Amino acid sequence: MNWSSQISLAFQLLNNAALLAVGTVGYCELRHRIHDRLPSSLQSVLYGVLFGVLGILVSFAPGINAIGYPITLRIVVIIVATLYCGVAAGAMATLLQVGHIAFLQLQDPTLGILFIVVLSFALSAAYRILFLPRDRSLRLGELSIFAVTMMVVILGIVAWLRGLAAFSAGFAVAGPAWTIMSVFSVISLGAIIRHVDRSHGLAVALSDSERRFRAFYNETPVMLTAINQDGRFDAASDRWLQFMGYSREEVVGKSRYDFLVPSTAMLMRDDLLPSLRRGVTPPEVEL
0 MNWSSQISLA FQLLNNAALL AVGTVGYCEL RHRIHDRLPS SLQSVLYGVL FGVLGILVSF
60 APGINAIGYP ITLRIVVIIV ATLYCGVAAG AMATLLQVGH IAFLQLQDPT LGILFIVVLS
120 FALSAAYRIL FLPRDRSLRL GELSIFAVTM MVVILGIVAW LRGLAAFSAG FAVAGPAWTI
180 MSVFSVISLG AIIRHVDRSH GLAVALSDSE RRFRAFYNET PVMLTAINQD GRFDAASDRW
240 LQFMGYSREE VVGKSRYDFL VPSTAMLMRD DLLPSLRRGV TPPEVEL
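Under numbering that gives the first Met the number 0, the residue at position 66 of the sequence shown is numbered 65, and the numbers go up by one with no gaps.
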């Protein structure tokens with residue numbers, strides 16, 4: 000086995016991995032946009048189509064034809080779709096992959112790409128159903144163990160069905176690079192999904208916290224205003240607005256001097272506030 004050629008093949012497979020990463024980010028954005036807006040069954044179909052198309056697009060990336068057809072990471076999309084989007088989404092992605100392979104009429108007597116695609120879905124679906132509750136996300140440690148175990152099982156089954164001699168001949172050409180990159184891609188895409196989900200969750204939590212704070216601030220039964228360093232209103236309580244006779248739209252974003260008579264505004268801007276900033280107590284004045 001030529002390890003230098005395996006390293007070269009692994010770097011070429013990064014084309015596939017990069018495309019999968021971009022597609023996974025797009026999936027995350029789509030999921031957060033349509034969450035709770037569509038029925039869950041329709042969402043599963045949509046995610047399955049998205050990953051299925053992504054798997055097809057992977058085959059058009061610059062690939063390696065070391066064993067008679069392009070070596071790609073198409074099974075990665077099936078694994079990720081099944082584990083993170085559900086069995087229905089994984090089934091749809093698998094169906095699109097099988098249709099694409101049948102349409103291209105890829106002949107592969109050694110590794111059995113069609114068999115590997117279907118087997119990948121079956122193993123992923125079994126793990127999703129048996130070991131992954133619906134309301135729990137997959138941790139990266141679990142995903143790493145699953146990805147390694149799955150590749151070992153797939154290669155073992157293929158070797159058993161095809162015969163060790165035939166399997167070894169094909170595996171020696173591109174098997175190590177493909178195996179390592181497949182495991183690496185599954186883990187990487189899982190990390191991307193986890194990171195985007197956490198970022199979105201933090202953004203939602205921050206938005207909710209801000210909304211609750213604004214509601215508490217606005218409903219406080221005292222006169223409150225918040226003025227930024229530019230001297231413009233950022234917030235005003237309902238009590239202040241009621242007492243002053245303004246709406247919130249008329250106040251927020253306006254300068255504090257807009258609500259003073261010109262002489263008082265000049266006195267505050269040119270005398271009182273500069274004195275306070277210098278730490279000097281201004282003389283008493285009549286406003």
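Just so it is clear, CB atoms sit at the ideal spot from N, CA and C, and this is done for glycine as well.
As the structure is a computational prediction, the values presented were derived from the model and not from experiment.
Sequence-distant residues of the same chain with beta carbon closer than 8 Å to residue i, five excluded per side
i, result
"L223", "Y216, A234, A235, S236, R238, W239"
"L188", "L19, A20, T23, V75, V79"
"G244", "none"
"F116", "The residue you asked about is not Phe; residue 116 is Val in the sequence shown. So the qualifying residues of the chain are R73, I74, I77, T93, Q96, V97, I100."
"G256", "Per the sequence presented here, residue 256 reads as Tyr, with Gly not at that position. Same-chain partners within the cutoff: G230, A264, M267, R268."
"L139", "I186, G189, A190, R193"
"K253", "R231, F232"
"R32", "none"
"L259", "M267"
"E218", "S236, D237"
Beta-carbon spacing of residue i, residue j below 7 Å
i, j, result
"I77", "G89", "yes"
"R127", "L82", "yes"
"I191", "A146", "no"
"A11", "P175", "First, the amino acid is wrong: residue 11 is Gln here, not Ala. No, Cβ-Cβ distance for Q11 and P175 is not below 7 Å."
"A16", "S184", "yes"
"V203", "C27", "no"
"V157", "F166", "yes"
"T178", "M150", "yes"
"V86", "T71", "no"
Start-to-end residues for the alpha helix (DSSP H) that takes in residue i
i, result
"F120", "112 to 130"
"V57", "39 to 57"
"V79", "73 to 84"
"V250", "247 to 250"
"M150", "139 to 161"
"M265", "261 to 266"
Host beta strand (DSSP E) of residue i (start-end)
i, result
"T224", "224 to 226"
"D233", "232 to 235"
Cutoff 7 Å; reference residue i; Cβ partners in own chain excluding five residues on either side
i, result
"S123", "I77, I78, T81, L82, G89"
"M308", "Any answer about residue 308 is impossible in this case: the structure gives the chain only from 0 up to 286."
"P220", "R238"
"R276", "none"
"V327", "For the chain, the structure presents residues 0 to 286; residue 327 sits outside this window and is missing."
"S143", "I186"
Residues near residue i by beta carbon distance below 6 Å, same chain, minus five either side
i, result
"A225", "D233, A234"
"V55", "At residue 55 the sequence reads Ile, which differs from the Val that was named. These residues qualify, in order along the chain: H99."
"V251", "F232"
"A121", "none"
"S3", "none"
"H199", "H31"
Quiz item: Hey, which unbroken runs of the beta strand (DSSP E) at 3 residues or more fall wholly within the region 168 to 205?
Solution: none
Quiz prompt | Length-filtered (4 minimum) alpha helix (DSSP H) runs lying within the region 3 to 33 | solution = 13 to 33
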